[in-house]
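The structure appears below as structure tokens.
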Amino acid sequence: MPADSPNLATDCLLTPSIDANIASPVVGVLDTVKVERGDLVKKGQVLFKLRSDVEEATLKLNRAQTEYGKRTIARNTELYERNLISEQEKDEIVITNRLYGYELGQTQALLQQKTIKSPLTGVVVETFLDPGEYVGEEPILQVVQLDPLYVEAVVPAEYHGKIKAGATAMVTLAAPLNSSHQARVQIVDRVLDAASSTFGVRLQLDNPDYLLPAGLKCSVNFELNQVVSN
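Written as structure tokens, this is what we have:
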């Protein structure tokens, strides 16, 4: 299509807007995996847990120490008011209980790290480990965000400046869907690829019902020099 045409049609590809390999912030042994391949997960949903026997036992100890410390403070405050213990002794008891509280908070934080939640709403693509396996730095599962989808297109350099972020374009999907959908230009690369004399364009395509799959080939029709309102 000549560069002076009002439209440009080019090939494109639907991709996930986020493709995340989910790992654990701490090492350990995988206890349970709560999801399977193909599952839809919500942001904040528990994906997997590591064994946490030691942390749970430590948490019980910290809670008992904190409760004991509170009772000790109450008793010794009364003793201090009756001049039966010194101010230094009273302060030491208060500080000790404060340290118990810090240890309790630290254990709770460590325990929370053993439960990994999804950072996004999306679909589980693959799980890499099974319960009982050692968890290191490698990812445990892959989650992709399919709403919205990204539409990735490569455009000849001669059209640079004629496609603007915020413009709308019609995306036609390949078989078996063969359907057309409106998308919005999100990114127009500012750097050209010298080897191919092209630049990349990314569009955003809403997919609230997850009816459109990532990985599908498509074509996109751009209206060149489209006026975009701020």
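Heads up: the sequence shown begins at 1 in full-length UniProt numbering, then just goes up one per residue. All C-beta atoms in this analysis are idealised placements derived from N, C-alpha and C, irrespective of residue type, glycine included.
Could you pull the DSSP bridge partners for arginine 184 from this structure?
Answer is Thr168 and Gln204, bridged to arginine 184.
Report the three-state DSSP secondary structure of valine 151 (helix, strand or coil).
strand
Work out the CA separation of proline 176 and aspartate 53 for me, nearest whole Å.
50 Å
Could you check what DSSP says for glycine 161 in three-state terms: helix, strand or coil?
Glycine 161: coil per DSSP, three-state reduction.
Among Glu158, Asn21, Val228 and Asp19, which one has its Cα closest to the Cα of phenylalanine 199?
Glu158
Sufficient close CB pairs (3 or more, under 8 Å) joining the region 116-123 to the region 40-48:
yes
Is the separation between the beta-carbon of glutamine 204 and that of tyrosine 150 shorter than 9 Å?
For glutamine 204 and tyrosine 150, yes; Cβs fall inside 9 Å.
Beta-carbon proximity of lysine 164 to valine 185, cut-off 9 Å:
Contact flag set, yes.
Residue range of the alpha helix (DSSP H) that includes glycine 28
Here glycine 28 belongs to no alpha helix (DSSP H); instead the beta strand (DSSP E) covers 28-33.
Report the rounded CA-to-CA distance for alanine 57 versus leucine 104, giving the unit in angstroms.
11 Å
Following the continuous alpha helix (DSSP H) through glutamate 87, name the residue where it begins and the one where it ends.
87-112
So what's residue 234 in DSSP terms, helix, strand or just coil?
Only positions 1 to 230 of the chain appear in the structure, and residue 234 is not among them; the question remains open.
So which of Glu126, Gly215, Asn221 and Thr127 has the shortest CA-CA distance to leucine 13?
Gly215
Express the C-alpha separation of methionine 170 and phenylalanine 222 in angstroms, rounding to a whole number.
7 Å
Exposed or buried, glutamate 55, counting other C-beta atoms within 10 Å across all chains shown (16 or more means buried)?
By the 16-neighbour rule on beta-carbons within 10 angstroms, glutamate 55 is buried.
Buried or exposed for tyrosine 100, please, with buried defined as at least 16 other CB atoms from any protein chain shown within 10 angstroms of its CB.
buried
Within the same chain, show all residues whose beta-carbon is closer than 6 Å to that of threonine 168, passing over the 5 residues directly before and after it, in chain order.
Gln182 and Arg184
Per-residue burial, alanine 74 [other beta carbons within 10 Å of its own, 16 or more giving buried]:
Looking at its Cβ environment, which holds fewer than 16 other Cβ atoms inside 10 Å, alanine 74 is exposed.
Under 9 Å, do leucine 146 and leucine 111 count as touching if we go by C-beta distance?
no
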